[in-house]
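**Student:**
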Amino acid sequence: MKSKTILSADEMLEILNSQWATVQDIMKIGAVGRNKARDIKNKISEEIISSGFKLPNNLVPMEKVIDYFKINVDFLVSINNSKHGNL
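Under numbering that gives the first Met the number 0, read the sequence shown as residues 0 to 86, first letter to last.
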């Protein structure tokens with residue numbers, strides 16, 4: 000079994016800086032496999048579509064992925080800034 004890579008604050012922020020998330024993005028953000036990432040994407044998609052909205056093929060809003068994983072973006076930014084001496 001291949002171990003999952005945990006992203007640094009820099010890497011995470013780079014991925015989160017997109018409007019849309021792919022299955023590959025979800026895999027990296029959640030340190031999960033392809034099947035679990037697809038399940039997460041499908042769950043988010045179903046919630047949005049059931050609310051009457053449409054989505055581009057194979058994409059979900061990054062904002063919903065951030066909510067799903069309860070990512071504290073401000074904390075990531077502060078870590079990133081302190082790492083680069085920007086506090």
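Backbone N, C-alpha and C define an ideal beta-carbon position, used for all residues, glycine too.
1) Who are the near neighbours of Arg33 in its chain, counting only those whose CB is closer than 7 Å to its CB and skipping five residues on each side?
2) What would DSSP say about Val59, mapped onto helix, strand or coil?
3) Following the continuous alpha helix (DSSP H) through Leu15, name the residue where it begins and the one where it ends.
4) Three or more beta-carbon pairs under 8 Å between the stretch 39-57 and the stretch 4-13, yes or no?
5) Determine the closest residue to Asn80 out of Glu45, Ala8, Thr4, with distance taken between C-alpha atoms.
**Tutor:** Per the coordinate set shown:
1) Val22, Met26
2) strand
3) 8-15
4) no
5) Ala8
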